[in-house]
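*Asks:*
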Amino acid sequence: ACKHNRYHVCQDTKIFGVDMDGVFANYAIVPAQNAWKNPKDMPPEYATLQEPLGNAVDTVLAGPIAGRSTLITGAGPLGLLGVAVAKASGAYPVIVSEPSEFRRELAKKVGADYVVNPIEEDPVKFVMDVTDGAGVEVFLEFSGAPKALEQGLKATTPGGRVSLLGLFPRDVSVDFNNLIIFKALEVHGITGRHLWETWYTVSTLIQSGKLNLDPVITHKYRGFDEFEEAFELMRAGKTGKVVFFPKE
3 ACKHNRYHVC QDTKIFGVDM DGVFANYAIV PAQNAWKNPK DMPPEYATLQ EPLGNAVDTV
63 LAGPIAGRST LITGAGPLGL LGVAVAKASG AYPVIVSEPS EFRRELAKKV GADYVVNPIE
123 EDPVKFVMDV TDGAGVEVFL EFSGAPKALE QGLKATTPGG RVSLLGLFPR DVSVDFNNLI
183 IFKALEVHGI TGRHLWETWY TVSTLIQSGK LNLDPVITHK YRGFDEFEEA FELMRAGKTG
243 KVVFFPKE
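Heads up, the sequence shown is in my numbering, so the first residue is 3 and it goes up one at a time.
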């Protein structure tokens, strides 16, 4: 993989928080080439989003997106960033399937054209109604929910594109014959970010002003006195992205 410029899946690539712990320590040792210089006028809260935003960028831009109907399953922080990238890149309509009312509202604020509660409605029927029975051309899976994967595949039009970022809690059974092979779907597994192309894309998108990121950042804290409160809110699914600023 490394010799073919696929550094993000190189066997020797190590990622903090995935392959090793220590990011919450006072100091962390990383190679100098990992340092990324941000423009002076970039808001610090936007700068903190670049790492997860890279995941969303790779998921959304794994294939053509402009002018294509798009389904996003899961409106957690990464899914919300996916909505922002899809809208900035010209996707239409963008449909979001998310059981949390709080997160559905965030998705609308970020720019989703339609939202659906998969607990109360059949999201496949919802998508078919919106697309006049055609199905979506792009399916972006951010939730890691097995049911969402099945629903998304059913809602994707033949010849459509699928990008999978969500990690599933267990082995998933999929009707490959009817939902993927016979529909000629193009499936992408997304892991990490491309080194270093994604970083330049992310930085350019932020500087363009086309990304609607403010609704994604739902909580801001000064210092770490309310650290535990922030984590409890995150565990309860009552946040988008949480940003900590140094005390002045």
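Built from N, CA and C at the ideal position, the CB exists for glycine as well.
On the DSSP letters alone, give me the boundaries of the alpha helix (DSSP H) that residue 81 sits inside.
*Replies:* Counting along the chain, the alpha helix (DSSP H) containing residue 81 begins and ends at 79 to 90.
*Asks:* Only counting the same chain, and skipping five residues up and downstream in sequence, which positions put a Cβ closer than 8 angstroms to that of residue 162?
*Replies:* Correct list, in chain order: 137, 138, 139, 140, 141, 185, 187, 188.
*Asks:* Please list the segments of the alpha helix (DSSP H) lying wholly inside the segment 48 to 75, counting only runs of 4 or more residues, in order along the chain.
*Replies:* List check, alpha helix (DSSP H) in window: 52 to 62.
*Asks:* What is the DSSP secondary structure of residue 158, reduced to helix, strand or coil?
*Replies:* In the structure shown, residue 158 sits in a strand (DSSP, three-state: E or B).
*Asks:* Whether or not the segment 59 to 69 and the segment 188 to 208 are in contact is what I'm after, with contact meaning three or more pairs of Cβ atoms, one per stretch, closer than 8 angstroms; do they touch?
*Replies:* Yes, the segment 188 to 208 is in contact with the segment 59 to 69.
*Asks:* Taking the alpha-carbon of residue 182 as reference, which of 135, 154, 28 has the nearest alpha-carbon?
*Replies:* With distances taken between Cα atoms, residue 182 lies closest to 154.
*Asks:* Is it buried or exposed for residue 165, if we count other Cβ within 10 angstroms and need 16 for buried?
*Replies:* Residue 165 comes out buried.
*Asks:* Using CA atoms only, rank isn't needed, just tell me which of 176, 150, 227, 213 is closest to residue 246.
*Replies:* Out of 176, 150, 227, 213, 227 has the C-alpha closest to the C-alpha of residue 246.
*Asks:* Can you grab the Cα-Cα spacing for the pair residue 106 / residue 179, in whole Å?
*Replies:* Taking the straight line joining both Cα atoms gives about 32 angstroms.
*Asks:* Tell whether a beta-carbon distance below 7 angstroms holds between residue 145 and residue 76.
*Replies:* Yes, they are a contact pair.
*Asks:* Just grab the DSSP bridge partners of residue 195 for me.
*Replies:* Residue 195 pairs with nothing; no bridge assigned.
*Asks:* Closest by CA to residue 12, which one among 133, 232, 196, 70?
*Replies:* Selected option, being the one with the closest Cα: 196.
*Asks:* Which residue wins for smallest C-alpha separation from residue 218, given the options 28, 86, 40, 100?
*Replies:* The candidate whose alpha carbon is nearest that of residue 218 is 86.
*Asks:* Can you tell me which of the three DSSP states residue 31 falls into?
*Replies:* Coil at residue 31, not helix or strand.
*Asks:* So what does DSSP say about residue 230, is it helix, strand or coil?
*Replies:* Correct three-state label for residue 230: helix.
*Asks:* Please state whether the Cβ-Cβ distance between residue 117 and residue 148 is less than 7 angstroms.
*Replies:* No.
*Asks:* Between the segment 38 to 53 and the segment 127 to 135, do at least 3 Cβ pairs fall closer than 8 angstroms?
*Replies:* Verdict: no, contact absent.
*Asks:* Measure from the alpha carbon of residue 190 to the alpha carbon of each residue in 240, 32, 66, 110, then state which is nearest.
*Replies:* Taking only the C-alpha atoms, the option nearest residue 190 is 66.
*Asks:* Quick check: the Cα distance between residue 235 and residue 244, rounded to an integer number of angstroms?
*Replies:* Near 9 angstroms, if we compare the C-alpha coordinates of residue 244 and residue 235.
*Asks:* Straight-line CA distance for residue 91 to residue 115?
*Replies:* When rounded, the distance between both Cα atoms is 14 angstroms.
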